[in-house]
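Below is one structure; the comments refer to it alone.
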Amino acid sequence: MENPNFPTDIMLDILSRLPVKSLCRFRCVSKSWRSLVTDPDFVKIHLNKAFENVEIFHQRRRLMFSDGSHRSLYSLDLDEFLNHNDAVHNYLDEKENDNDINTNDDDDEAVATELDYIYSEIPNNWVFMVFHCNGLLLCQLYNWEFYLVNPATRKSKKLPDIPSSSIAYYFDLFGFGFDHSTDDYKMVDLRYLKGGIMFIVYTLKTGSWREIQGRYPYKSDLMLHGILLSGGLHWLVNRVRGSSSVIISFDLAEEHVQEIPLPCDLVDAKGFKRKNHDLLVFKDRLFMYNFNGERFRKLSVSGFPIVTEVGIYLESLVSPNSCSGGC
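No gaps in the numbering here: position 276 of the sequence shown is 276 in full-length UniProt numbering, and each next residue is one more.
Below is the structure:
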């Protein structure tokens with residue numbers, strides 16, 4: 001799209017800073033605008049702008065959660081949510097000290113938007129688990145169907161069923177991420193077999209599943225799913241022999257597994273055995289924490305006494321239906 005008043009690079013820079021909602025409206029202006037907004041190169045520029053600019057990154061962050069029934073997904077602005085909870089938390093602290101104060105007005109509450117279109121073709125189902133990467137949500141339903149959804153553009157795609165196995169297995173653990181080497185999104189199924197684990201990988205470009213050759217001598221006793229960091233999916237598992245815990249990383253580009261040493265202060269002569277520990281990512285670093293031993297502050301969403309499947313995602317133009325040039 002050319003504009004006689006602005007050089008193309010300046011126009012692209014301006015547009016790449018706009019919210020997804022505004023850009024989606026521009027698709028109705030003309031064919032050239034629609035072509036620009038859906039162009040894979042511009043989609044990649046728009047996504048990368050959030051990672052280059054902290055202010056834009058914060059503006060595009062959304063909190064996603066399910067209600068207590070698991071039958072609806074909701075989204076709201078993360079900063080509004082945190083600011084409201086800070087105000088409530090401060091109010092409760094001051095009230096505890098018998099200070100005469102008032103809570104914020106209802107107008108200050110963060111408003112949640114129902115992502116109802118996810119259920120338009122699959123009514124009366126449950127969202128059992130949600131993964132996210134670059135604005136895409138991978139939703140696992142209770143009937144074991146998987147949908148790839150972009151909440152900002154309201155586009156979705158049903159994934160093909162996971163291949164069945166002729167070998168008996170206990171359960172599946174999942175992960176979802178982006179392979180920078182091929183500009184492709186991948187869903188990974190870690191299948192826990194008797195005596196070890198195997199991996200099955202779905203790639204968005206091919207639209208198909210592949211079984212990764214080889215078995216790995218690990219097992220898992222908790223239904224905890226893959227944590228994405230630096231192009232790899234990470235799990236805290238146990239070795240089959242000795243049952244000591246270890247972190248494994250499945251590299252999305254190379255599609256192989258490597259071990260990551262545990263923190264030194266957790267390992268003794270007998271090795272570390274996991275008890276109430278899990279992994280999380282904070283500021284691009286992998287952390288291991290004890291979810292029973294740490295102190296947590298309970299956050300609330302107005303109008304929802306129970307929230308589950310909580311996650312934070314980034315609004316983007318990435319399409320769940322095709323993947324080229326970073327989608």
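Backbone N, C-alpha and C fix where the C-beta goes; we use that ideal spot for every residue, glycine too.
Note that the structure is predicted; figures quoted are calculated from it, not measured.
Residue i (DSSP reduced to helix, strand or coil)
i           : result
residue 334 : In the structure as shown, the chain starts at 1 and stops at 327, and residue 334 therefore has no counterpart that could be examined.
residue 55  : helix
residue 19  : coil
residue 38  : helix
residue 33  : helix
residue 25  : helix
residue 79  : helix
residue 13  : helix
residue 71  : coil
residue 88  : The pLDDT assigned to residue 88 is 46, lower than 50, so where the model puts this residue is not dependable, and the model offers no usable value.
residue 313 : strand
For residue i, the residue or residues it bridges with in DSSP
i           : result
residue 130 : 139
residue 308 : 66
residue 209 : 202
residue 179 : 184
residue 290 : 277
residue 153 : DSSP output for residue 153 lists no bridge partner at all.
residue 237 : 246
residue 215 : Partner(s): none; residue 215 has no beta bridge.
residue 318 : According to DSSP, residue 318 bridges with nothing at all.
residue 173 : 190
residue 229 : 232
residue 301 : 304
residue 283 : DSSP output for residue 283 lists no bridge partner at all.
residue 251 : 232
residue 257 : 250
Other residues of its chain near residue i: CB distance less than 7 Å, five sequence neighbours each side excluded
i           : result
residue 206 : none
residue 96  : Reliability of the predicted coordinates at residue 96 is poor, the pLDDT of 48 falling under 50, and no value is obtained from them.
residue 347 : In the structure as shown, the chain begins at 1 and stops at 327. Residue 347 is therefore absent and cannot be evaluated.
residue 126 : 70, 71, 141 and 142
residue 162 : 189, 200 and 209
residue 26  : 33 and 37
Same chain, Cβ closer than 8 Å to residue i, neighbours up to 5 away in sequence not counted
i           : result
residue 238 : 218, 219, 220, 221, 244, 245, 246, 273 and 274
residue 319 : 38, 43, 150, 153, 155 and 327
residue 19  : 59, 60 and 315
residue 253 : 179, 180, 181, 182 and 231
residue 281 : 227, 228, 229 and 287
residue 99  : The predicted model places residue 99 with a pLDDT of 43, which falls under 50 and marks its position as unreliable; any figure quoted below should be read in that light. Once the five neighbours on either side are set aside, residue 99 has no close Cβ partner at all.
residue 258 : 248, 249 and 251
residue 260 : 234, 246, 247, 248, 249 and 286
residue 56  : 17, 49 and 50
residue 277 : 236, 245, 288, 289, 290 and 291
Exposed unless 16 or more other CB atoms sit within 10 angstroms - verdict on residue i
i           : result
residue 241 : exposed
residue 186 : buried
residue 256 : exposed
residue 191 : buried
residue 235 : buried
residue 66  : buried
residue 301 : buried
residue 287 : exposed
residue 107 : Since pLDDT at residue 107 reaches only 49, below the 50 mark, its modelled position is unreliable, and no value is offered.
residue 289 : exposed
residue 175 : buried
residue 170 : exposed
residue 139 : buried
residue 6   : exposed
residue 142 : exposed
residue 214 : exposed
Residue-chain proximity (residue i, chain C), Cβ-Cβ < 7 Å
i           : result
residue 179 : In the structure shown, chain C cannot be found, because there is only a single protein chain.
Same chain, Cβ closer than 6 Å to residue i, five either side skipped, listed in chain order
i           : result
residue 72  : 114
residue 210 : 201
residue 197 : 190, 216 and 218
residue 146 : 140 and 159
residue 23  : 37
Closer than 6 Å: residue i CB and nearest the ligand NAP heavy atom
i           : result
residue 315 : Among the components modelled here there is no ligand, and therefore nothing to report on the ligand NAP.
Original post:
Any contact of the region 168-188 with the region 123-140, i.e. 3+ C-beta pairs under 8 Å?
Top reply: With the cut-off at 8 Å, the region 168-188 and the region 123-140 touch.
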